[in-house]
Structure formats: structure tokens, C-alpha cells
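Visitor:
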Amino acid sequence: MSDNFVMRMVELYDGLFALDEKDECDLYLDLGRQFLADGRPTEALQLFRKATVIQPDAPAAWVEMGRHYLIRKAPKAALTALNKALDLGVESAEVHRCLAEALVLQDRFEEAEDELEIGLELDPESPECWFDVGLLRDARGDFDLAVEAFTKAADLEPDKVSHHQRLGFALESAGRRSEAIVSFKAALKLESAAGR
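So the sequence shown is numbered by the numbering used here: it starts at 150 and just counts up by one.
#1: Which of helix, strand or coil does DSSP assign to residue 304?
#2: Please report how far the alpha carbon of residue 197 lies from the alpha carbon of residue 177, in whole angstroms.
#3: Excluding the 5 residues flanking residue 316 on each side, which residues of the same chain have their C-beta closer than 7 Å to its C-beta?
#4: Secondary structure at residue 165, three-state DSSP: helix, strand or coil?
#5: Rounded to whole angstroms, what is the Cα-Cα separation between residue 148 and residue 253?
#6: From the DSSP output, in three-state form, read off residue 224 for me.
#7: What separation, rounded to the nearest whole angstrom, lies between the Cα atoms of residue 230 and residue 328?
#8: Contact between the stretch 234–242 and the stretch 206–220: three or more CB pairs below 8 Å?
#9: Measuring alpha carbon to alpha carbon, tell me which of 255, 250, 306 ends up nearest residue 282.
#10: Quick one, which of 323, 336, 335, 202 has its alpha-carbon nearest residue 288's?
#11: Kindly indicate which residue of 258, 305, 313, 181 has the alpha-carbon position closest to the one of residue 214.
#12: So what's residue 309 in DSSP terms, helix, strand or just coil?
#13: Can you give the Cα-Cα distance for residue 285 and residue 275, rounded to whole angstroms?
#14: Name the residue from 193, 173, 227 whose alpha carbon lies nearest to the alpha carbon of residue 255.
#15: Using alpha carbons as the reference points, say which of 243, 185, 183, 313 lies closest to residue 272.
#16: Just curious, the alpha helix (DSSP H) that residue 270 is in, first and last residue?
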């Protein structure tokens, strides 16, 4: 499906149902998300951009653009889009986690951890934020603090293999081998149960 075809379909739909700006923006966002899920990031970006043109004050469009730029490993563009979403009033742990990811891509680790801390203030039960905090702490050699973060992530999302694996690696690095083995066994058990 070409971009031109999608645009014509949206225009036709708009003509039939008299979409307002919000509905038209939502339609482009939904289509963009679907294109992204289908592995068509270029078309998705065009739709996200169209959504920001139609409704420049729609934070969801800026969040989607930021996520898209992260997938493309374009941290500067991701930061611009995600900060625009924050300027428009978004209060989301996920947005701060995405900002942290973009900052890590620019080797701005302290700022990334600050963003994750803000994310955890907004949602202390975010396993993704705890996991990413663990990654940052592990990378700088703070293994005991990494263990705390990975433990929290694994407690919040016990069926996630990666949480148990990273917890095991952090425990091993902290010199806690017997506990590391328990985490690795939990990860293997989850992998086996998933039929991998």
C-alpha cells in the first residue's frame, strides 16, 4: 500500500464521515502504528509527521515520532520529538524511559538515569524503567545497585526472561554466585516453558 494510496483513503474517509482534526490525527496515528508493526517504518514516519501537521499540539503524535526515531537509532530527533510531547503536558514514565534511551545513544548516561528516576517517580511499578536503571548501574560497575533494580523489574514482571538473565549477570558480577545460579535457572525455566 503506497503512501499516496493511504492519504487518498484517509481523505475519502474524511469526506464521508467529516472527521475533525483530532479524529483525522488519530486515524493517521493508528495507521502509522500498524505500519510500524508490519515492519514499514518509513511509511509509519510519514503518517506520524502528517498527524503532527494536522494537529501540532497532539502529544501522542510526538510520542510516536520519538519512539520511531529510537527504532531508527536517531537520538537527536527522538529527543526533539519526546521533549515536544513533554512540553505539551505528557506525564508518562514511558516517555521518560524513551528519553533515557535516546540519551544513552548519545553517551549521556547521568542524564539518562535522571530521566529514569523521573519515570519511576511517575510510575514506581514500571518494570521497564527498573530494568533500564539496572542496565545503567551495571554498566558503570554498581553491581549491588544493579541487583536491586533488576530484582524490582523481575518482581514486577516475573515472566520476563531478560529480567532474570540480567539479574543473574549482575549477581555474578557482585560475587553472589549461588544467587546468580538461581536467577539463571529461573530464566531457563521460563525459556523452556515458552518453548524456545
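Quick reminder that beta carbons are idealized off the backbone N, C-alpha and C, glycines included.
Guide: In terms of the structure at hand:
#1: As a position in the sequence shown, residue 304 is number 155, starting the count at 1. Note: residue 304 maps to helix in three-state DSSP.
#2: Residue mapping note: residue 197 aligns to position 48 of the sequence shown, counting from 1. Residue mapping note: residue 177 aligns to position 28 of the sequence shown, counting from 1. Roughly 7 Å separates the two Cα atoms.
#3: Residue mapping note: residue 316 aligns to position 167 of the sequence shown, counting from 1. Answer for residue 316: 296, 299, 300, 303, 332, listed in chain order.
#4: On the sequence shown, residue 165 is found 16 positions in, with the first residue counted as 1. The predicted position of residue 165 is uncertain, since its pLDDT is 44 and thus under 50; no value can be drawn from it.
#5: Nothing can be reported for residue 148: it is not among the residues displayed for the chain, which extend from 150 to 345.
#6: Locating residue 224 in the sequence shown gives position 75, where the first residue counts as 1. Correct three-state label for residue 224: helix.
#7: Start at 1 with the first residue of the sequence shown, and residue 230 comes out as number 81. Start at 1 with the first residue of the sequence shown, and residue 328 comes out as number 179. C-alpha separation (whole angstroms): 41 Å.
#8: yes
#9: Walking along the sequence shown from the start, residue 282 turns up at place 133. Closest in alpha carbon position to residue 282, among 255, 250, 306, is 250.
#10: By one-based count along the sequence shown, residue 288 stands at place 139. Of the candidates 323, 336, 335, 202, the one whose C-alpha sits nearest the C-alpha of residue 288 is 323.
#11: Position 65 of the sequence shown, counting from 1, holds the residue named residue 214. Selected option, being the one with the closest Cα: 181.
#12: As a position in the sequence shown, residue 309 is number 160, starting the count at 1. In the structure shown, residue 309 sits in coil (DSSP, three-state: anything other than H, G, I, E or B).
#13: Numbered from 1 along the sequence shown, position 136 holds the residue referred to as residue 285. Numbered from 1 along the sequence shown, position 126 holds the residue referred to as residue 275. Here the alpha carbons of residue 275 and residue 285 stand approximately 16 Å from one another.
#14: Along the sequence shown, read from residue 1 onward, the residue named residue 255 stands at position 106. Shortest Cα-Cα distance from residue 255 to any of 193, 173, 227 involves 227.
#15: In the sequence shown, the residue the question calls residue 272 occupies position 123. Per the Cα distances, 243.
#16: The residue labelled residue 270 in the question sits at position 121 within the sequence shown. Per DSSP, residue 270 belongs to the alpha helix (DSSP H) from 258–271.
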